[in-house]
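> I'd like to ask some things about the structure below.
There are 2 protein chains.
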Amino acid sequence: MGTQAPDLTVAVQDYLKAIYTLESSRERVTTSALASRMGVSAPSATAMTKRLAELGLVERAPYRGVALTDEGRRSALEVLRHHRLLERYLADRLGLALDEVHAEAELLEHALSEELEAKIDAELGYPTHDPHGDPIPDRELQLSHGSEQTLIDVEPGGRAMITRVPDGDPELLRYLDGLGLVPGSDAVLVSFAPFGGPVTVRTDAGEHAISRELADRIAAT
Amino acid sequence: MGTQAPDLTVAVQDYLKAIYTLESSRERVTTSALASRMGVSAPSATAMTKRLAELGLVERAPYRGVALTDEGRRSALEVLRHHRLLERYLADRLGLALDEVHAEAELLEHALSEELEAKIDAELGYPTHDPHGDPIPDRELQLSHGSEQTLIDVEPGGRAMITRVPDGDPELLRYLDGLGLVPGSDAVLVSFAPFGGPVTVRTDAGEHAISRELADRIAAT
DNA sequence: ATGTTCTTTTAGACATAGCTAAATCCGATT
DNA sequence: AATCGGATTTAGCTATGTCTAAAAGAACAT
Chain A
279 MGTQAPDLTV AVQDYLKAIY TLESSRERVT TSALASRMGV SAPSATAMTK RLAELGLVER
339 APYRGVALTD EGRRSALEVL RHHRLLERYL ADRLGLALDE VHAEAELLEH ALSEELEAKI
399 DAELGYPTHD PHGDPIPDRE LQLSHGSEQT LIDVEPGGRA MITRVPDGDP ELLRYLDGLG
459 LVPGSDAVLV SFAPFGGPVT VRTDAGEHAI SRELADRIAA T
Chain B
279 MGTQAPDLTV AVQDYLKAIY TLESSRERVT TSALASRMGV SAPSATAMTK RLAELGLVER
339 APYRGVALTD EGRRSALEVL RHHRLLERYL ADRLGLALDE VHAEAELLEH ALSEELEAKI
399 DAELGYPTHD PHGDPIPDRE LQLSHGSEQT LIDVEPGGRA MITRVPDGDP ELLRYLDGLG
459 LVPGSDAVLV SFAPFGGPVT VRTDAGEHAI SRELADRIAA T
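Protein chains in written order, with the working numbering: chain A, 279 to 499; chain B, 279 to 499.
If you want it as C-alpha cells, here you go:
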C-alpha cells in the first residue's frame, strides 16, 4: 500500500549514502558537511537536500541541516548493501587488494540489479562483513552491530584481533597493511604515550606507533 | 601525441555501440534507424549525431546519416569488449542463463574500470567469444572474425555445430534454448521447405522447424 | 517536371545536477 | 542588544540528454 518507490538517481543514492555515514558518526548533517563529503559546492548541496526532502527521503530544516526519514534510511542501506557486497566479492573472487575494492565498488554499485545482487550474495555464502570489517546489511537491511571497541580501548599489554579498518582511503589502507593492521590480524597493545601521544602496537609486521586518532578508527576485539 | 580522449558519457557510448552494430549489418546508419535502435525520438538522435560529429567520433552528412571514424570505431569496440567480457563472466562465474546475461552486462558495462576489466579477462583465461558466440575484441581491440556461415548455408542432410545465436532478445533465446539451438550444440539440417518456407533442424531436443530468416541469424560450422 | 509524402532538422521546452556571485540568516562576541 | 563573520540560501547560468510541434529537405510517383 506504500507509495511505489521511483528509481532514485545515482546522485540521490550517493547523497543518501553520505548522509547515512555522517549520521552514523553522530555528526549533525549540515549543508557544509555534506558538500565537503560529496566534493560539491554548498549551493549544490542545498539544492539536493531540497530534492531529497521533496522525495520524502530526509527531513530538512532550513539552516539546520537534514536527517534521514525511515524511507531515506532504507534506501541508504540498500546502497550500502550493494557497495559492501561488491567489495566482498571483488576481494574474494577477483583478488582485489583491500585498498582497491572501495573505488571499484563505488563504480559498480549503481549498476547492480537486485537479481545479480542475490546471486552474488548466495555465491559468497551470505557474508556479514565487507573486507574492511564493515557490516553488510542483510536482505531485510538489518545490520549486525554489536557495540564496538577500538584499539584505544585495549589495555596496555593486552592482545586484540583487528576487526575493522577505515575504508575509502587507499593510501591509508596501504599504510595500515604495511603495519600488519588488517582485519583478522592480531595485535598487542604495547603502550600509550602520555599527554595524548601515540599508541604503540606490535603485529606480525613488528612494532609501530600510530596516532591516537588513527588508533580510535581501528576496531578490535 | 594524439588528442587525449575525454571520458565519453554513458549515452555517447551507447550510441556508438548502436552505430557500430548497424554498420556491421551493412545498413546505412540513418537518423531513424538509430532513433529506433536507441528507443528515442528522431530529434534526439539528430542532436546526438551532431554531438558525436563534434567529438570526432562520426562523420555526419545532414540528411544522409553517419559513419564511425577510426576513433569512433575504437571507442565502440571498447564498449563492446566490456559488454561481451561481462557476459562471459556472468555466464561462467555467476551462472546466469544465456537470456539473462545481455541485460545485466548492459547495466554493468559503463561501470567497469580498465583495471577490473583486465582482471576479469585474465581470470577467464582471455576468452575470445561471449556466451552468444559473438567475438570479444582483444586488448588491442582486434576482432577474430572468419567468414561465417549460417544454418541456411548448410546442405540438406548436413551436420553443423551452432556457433552463434542472436543476443539481446531474452524471449527468442529461451525459445532457441528449448529447441536445442545454443552455441556448442550440434544440429542436423533436415530440410528446406520450398518457396522460401521454413527450415527443419534436428537437435538433442528433437526436430523443429524455424523460419528461414531466423535460420540465417544462427551461425554454424 | 512537379507535387506529395516521408524523413530529417530546427525551435523551444523540461529535468537533473553542477557552478559562481550575491544576498540573507544565525550565532557568537562584545 | 547590536554587530560581525561564517554558514546557508537564493538567483541565475551551464551542460547533458530527452521531448513535442513545426519547418524544411529529399525522394518518389505521376
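The beta carbon of each residue, even a glycine, is placed where N, CA and C say it ideally should be.
Hey, quick one: how far does the beta strand (DSSP E) through residue 485 of chain B stretch, first residue to last?
484 to 488 is the span of the beta strand (DSSP E), which, as asked, contains residue 485 of chain B.
> Below 8 angstroms, how does it come out for the segment 426 to 445 of chain B and the segment 456 to 473 of chain B: are there three or more Cβ pairs, yes or no?
Contact holds: three or more Cβ-Cβ distances are below 8 angstroms.
> Take every Cβ of the segment 421 to 430 of chain A, pair it with every Cβ of the segment 373 to 388 of chain A, and state whether three or more of those distances are shorter than 8 angstroms.
They do not touch, by the three-pair rule.
> Which of the three DSSP states, helix, strand or coil, is assigned to residue 407 of chain A?
Looking at residue 407 of chain A - three-state DSSP - the assignment turns out to be strand.
> Which residue comes first and which comes last in the beta strand (DSSP E) that contains residue 430 of chain B?
Run containing residue 430 of chain B: none; DSSP gives neither H nor E here.
> Note down, one range per segment and in chain order, each beta strand (DSSP E) of at least 3 residues found wholly within the segment 285 to 347 of chain B.
Fully enclosed beta strand (DSSP E) runs of 3 or longer: 336 to 339 and 343 to 346.
> Beta strand (DSSP E) containing residue 464 of chain A: first to last residue?
Looking at the DSSP string, the run of the beta strand (DSSP E) that includes residue 464 of chain A is 464 to 470.
> Any Cβ of chain A within less than 8 angstroms of the Cβ of residue 392 of chain B?
No, its Cβ sits nowhere closer than 8 angstroms to a Cβ of chain A.
> Let me confirm a value: residue 284 of chain B is counted as buried when at least 16 other C-beta atoms fall within 10 Å, else exposed. Which label applies?
With fewer than 16 other Cβ atoms within 10 Å, it is exposed.
> What residues from chain B crowd round residue 398 of chain A, counting only those whose CB sits closer than 8 angstroms?
By Cβ distance, chain B contributes 372.
> Who are the neighbours of residue 369 of chain A on chain B, taking C-beta pairs under 7 angstroms?
Within chain B, no residue comes near residue 369 of chain A; the closest Cβ sits about 12 angstroms away, beyond 7 angstroms.
> To the nearest angstrom, how far is the alpha carbon of residue 357 of chain A from that of residue 361 of chain B?
Looking at the two C-alpha atoms, the distance is approximately 23 angstroms.
> Here's a check: name, in chain order, each residue in its chain whose Cβ is nearer than 7 angstroms to the Cβ of residue 374 of chain A, leaving out the five neighbours to either side.
Within the same chain, residue 374 of chain A has close Cβ partners 368 and 382.
> Below 9 angstroms on C-beta distance, what does residue 376 of chain B contact in chain A?
The premise fails here: residue 376 of chain B is roughly 15 angstroms from chain A at the closest Cβ pair, so nothing lies under 9 angstroms.
> Go ahead and pull the three-state DSSP assignment for residue 379 of chain B.
Note: residue 379 of chain B maps to helix in three-state DSSP.
> Of all the residues that make up the segment 316 to 335 of chain A, which are near chain B by a beta-carbon distance shorter than 9 angstroms?
From the segment 316 to 335 of chain A, no residue has a Cβ closer than 9 angstroms to chain B.
> Relative to the C-alpha of residue 495 of chain A, which residue among A:286, A:483, A:456 and A:447 is closest?
The candidate whose alpha carbon is nearest that of residue 495 of chain A is A:447.
> Who are the Cβ neighbours of residue 306 of chain A in its own chain at under 7 angstroms, not counting the five residues just before and after it?
Counting only Cβ-Cβ distances below 7 angstroms, and skipping sequence neighbours, we find 343.
> Quick check: is the beta carbon of residue 510 of chain B nearer than 8 angstroms to any beta carbon in chain A?
Residue 510 of chain B lies beyond the residue range present for chain B, which begins at 279 and ends at 499; the question has no answer from this structure.
> So, does the segment 478 to 488 of chain A touch the segment 303 to 323 of chain B, judging by three or more C-beta pairs under 8 angstroms?
With a cut-off of 8 angstroms, the segment 303 to 323 of chain B and the segment 478 to 488 of chain A do not count as touching, because too few Cβ pairs lie within range.
> Interface residues of chain B around residue 487 of chain A at Cβ under 8 angstroms?
Result: empty, since nearest Cβ-Cβ is about 33 angstroms, beyond 8 angstroms.
> Consult DSSP for residue 479 of chain A and reduce its assignment to one of helix, strand or coil.
Three-state result, residue 479 of chain A: strand.
> State the Cα-Cα distance for the pair residue 354 of chain B and residue 389 of chain A, rounded to the nearest angstrom.
Distance between the alpha carbons of residue 354 of chain B and residue 389 of chain A is about 20 angstroms.
> Strictly below 7 angstroms CB to CB, what residues from chain B border residue 289 of chain A?
Neighbours of residue 289 of chain A on chain B: none; closest Cβ ~14 angstroms, over 7 angstroms.
> Could you tell me the alpha carbon to alpha carbon distance between residue 458 of chain A and residue 328 of chain A, rounded to whole angstroms?
Computed Cα separation, rounded: 44 angstroms.
> According to DSSP, is residue 452 of chain A helix, strand or coil?
Of the three classes helix, strand and coil, the one that applies to residue 452 of chain A here is helix, per DSSP.
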